[in-house]
Amino acid sequence: MALSLRSMASQSILSGALRQTTLGQFRTASPSFLIRGFLAQLLPTSLLPWISIQLPTLGSIWDSILKAVPKKKTSHRKKRQRFLAGKALKDVTSLNKCSGCGNVKKAHHLCPYCVREIKDMWNGRGTVEVEAQRKEAREEAMKDWLTVPQRREANRETRR
Amino acid sequence: MAGSRVTQRHLGRKSSHRQALLRNLVASLFQHESITTTWPKAKEAQRMADKLITLGKRNTEAARIKAQQAFYEPGRFMPKLFGELRERYLSRPGGYTRVLRIEPEKEDQAPSAILQLVDGPRDMRFMMTAKTIAREQAEGLDRTDITKRNIKKVTTFRPEGSASLDAAVQEIKARTVDVKRRNSGIYKERVYERRKDSK
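Protein chains in written order, with our numbering: chain G, 5 to 164; chain C, 2 to 200.
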C-alpha cells in the first residue's frame, strides 16, 4: 500500500517538476528544490525522510559479501597427491647378475651379499661354526643376565 | 662461485670442516686399509690419499714435511706411509686407491662406496675376483672377459699375485657360509632421529 502511494507520488512529482521548469519564474531554480517544494505541498511531512536515505543496492551487497570460494577443505590425501605429482619412484632397470654368487644386483655396484660375506671373512665371522659358537655364548650370557634378580634376592637374604 | 670451475666437492661444509673431515678419512683409510663412506666423500678422500702416497714414494725431506701436515697423528701414520705403503706401491705407476660403489649404507639412501688401498690385505676387488673364480670352478662356468681383466688388475703388482689369489679361492671354497646371517645382514645405519611417539 505504501509502495504504491510512493510510486504514485514520484510520478506526480516528476510530472509536476517538468511542468514547473517550463514556467518563466522558476527557470533558474534547481530540480531538487522544485521536487522538495512540490512534495511539501503534496504529501504529509511524516513521509519526507524517505527521499533522503540512500538504501544499499543488491549489487553492492554482492560485491562485499558473496564471492567464489572453495566449498570444502582440501583433504590431506588430495593435498599430498597434488604436491607429489610427478615425483613417483622410478623403476630400477639397470640390473645384472653378480659374478660371485649369481644373485641379481645393481649394475656398477657391488653385490651386497658378497660384500657382507667378504667383510665377514676379514672379521673372522659368517661361517656356520663361528655363528653357532657366538649364538651359544650369547645364550650363556643371557642366562646369566636372567639370573640377576634371583641372585639379588639371594644376596638380600644372606644380609638378613 | 659464479663462472669459476668447481675444483672440489664442498660436501656441505666450510673449508676448515671439510679439510678436517678429509684428514680424518685418510687417516682411517691408512689405519684400516678399507673404509665405507658416501661416494662423494670417498672420491674426495681418494684424491688426498693418492697424493699422500705419491709423497711417500718421493721420500724427500720436503715430501716428509708436506705429508706430516696432513695427519693429526703423524707419529702413528708417517712410519706406515713412508715404510709399508711406499714399498707396496714403488713399482705401481699411480692408482693406489680404489672406490667401489655399494648399495646405500644409510637409511637416507645416500650413494655409498668402499674406499680401499689397492693390493692391501682388505682389497675388495681381489676378494670378489677370488669369489668369482670359486663360483666358476664350482659350477663349471666359462671365464668372462671382465673376470680376465680383473684377474690381471689384482695380480699384476701384488707380490706373488697368482698364488695369493689361488689361496683366497681355496679359502672361499672351504667356507660354509651362514646364509641366514648373510641375508639378514643388510641393514641401514640410522641418520634420521627416531620419533618419540613411534613404536
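All C-beta atoms in this analysis are idealised placements derived from N, C-alpha and C, irrespective of residue type, glycine included.
C/Q206 to C/S185 span [Cα, whole Å] | Absent from the model: residue 206 of chain C. The displayed extent of chain C is 2 to 200, so no value can be given.
Can you find a CB in chain G that lies within less than 8 Å of the CB of C/K132?
-> Nearest CB-CB separation between C/K132 and chain G: below the 8 Å threshold.
Check the DSSP bridge columns for C/A114 and list the partner residues they point to.
-> Within the DSSP secondary-structure output, C/A114 pairs in a beta bridge with C/T38 and C/R102.
Test: G/T131 CB closer than 8 Å to a CB of chain C | True, the Cβ-Cβ gap to chain C drops below 8 Å.
Looking at the unbroken beta strand (DSSP E) that takes in G/N107, where does it start and where does it end?
-> Taken as a continuous stretch (DSSP letters only), G/N107 belongs to no beta strand (DSSP E), as it is neither H nor E.
Does the distance from the CB of C/L118 to the CB of C/E45 come in under 8 Å?
-> No, the pair does not count as a contact, with Cβ atoms beyond the cut-off.
Say whether the region 111 to 130 of chain G touches the region 170 to 185 of chain C, bearing in mind that this needs 3 or more beta-carbon pairs closer than 8 Å, one atom from each stretch.
-> Touching, per the Cβ criterion.
Nearest candidate by alpha-carbon position, reference C/R182, set G/A136, G/K110, G/K109 and G/E157 = For C/R182, the closest C-alpha among the options G/A136, G/K110, G/K109 and G/E157 is that of G/A136.
Kindly indicate which residue of G/L93, G/K109, G/K94 and G/A92 has the alpha-carbon position closest to the one of G/N100.
-> It is G/K109.
Could you name the residues of chain C that G/H80 contacts, counting a contact when the two beta carbons are closer than 9 Å?
-> Neighbours of G/H80 on chain C: none; closest Cβ ~18 Å, over 9 Å.
If we count Cβ pairs, one from each stretch, closer than 8 Å, do we get three or more for the region 120 to 134 of chain C versus the region 138 to 148 of chain G?
-> They do not touch, by the three-pair rule.
Buried versus exposed, by CB contacts within 10 Å (16 or more), G/T78 | The residue in question, G/T78, is exposed, as its Cβ has fewer than 16 Cβ neighbours within 10 Å.
Residue-chain proximity (C/R167, chain G), Cβ-Cβ < 8 Å = In the sequence as presented, Arg is not what sits at residue 167 of chain C; that position holds Asp. Judged by the 8 Å Cβ criterion, C/D167 is not in contact with chain G.
Can you give the Cα-Cα distance for C/T177 and C/E194, rounded to whole angstroms?
-> Each residue's alpha carbon lies about 38 Å from the other.
May I ask you to verify whether the region 36 to 55 of chain C touches the region 102 to 117 of chain C, counting CB pairs closer than 8 Å and requiring at least 3?
-> Segments in contact, yes.
Between the C-alpha atoms of C/I36 and C/I147, what's the straight-line distance to the nearest angstrom?
-> Looking at the two C-alpha atoms, the distance is approximately 25 Å.
Check the Cβ of C/D179 against every Cβ in chain G and list those closer than 7 Å, keeping chain order.
-> Ordered by position in chain G, the residues that pass the 7 Å Cβ test against C/D179 are G130, T131, V132 and E135.
Is the beta carbon of C/E104 sitting closer than 8 Å to the one on C/E190?
-> Not a contact, by the Cβ cut-off of 8 Å.
Give, in chain order, every residue of the region 85 to 109 of chain G whose Cβ lies closer than 8 Å to some Cβ of chain C.
-> Contact annotation: in the region 85 to 109 of chain G, residues whose CB is within less than 8 Å of a CB in chain C are S103, G104, C105 and G106.
Flag C/R150 as yes if its beta-carbon sits less than 8 Å from any beta-carbon of chain G, otherwise no.
-> So, not an interface residue.
Using a cut-off of 7 Å between C-beta atoms, extract the partners of C/L101 located in chain G.
-> Simply L114.
List the endpoints of the continuous alpha helix (DSSP H) containing G/N159.
-> Looking at the DSSP string, the run of the alpha helix (DSSP H) that includes G/N159 is V152 to R163.
Own chain residues within Cβ distance below 8 Å of C/P122, not counting five before or after = Cβ within range, chain order: E34.
Name the residue from C/K153, C/L56 and C/G162 whose alpha carbon lies nearest to the alpha carbon of C/L86.
-> Minimum Cα distance to C/L86 is reached at C/L56.
By Cβ distance below 6 Å, which residues in the same chain neighbour C/S29 in space, the five residues on each side in sequence not counted?
-> Excluding positions up to five away in sequence, the list reads I36.
Check distances from the C-beta atoms of the region 23 to 39 of chain C to those of chain G and list, in chain order, the residues that come in under 7 Å.
-> Answer set for the region 23 to 39 of chain C: empty.
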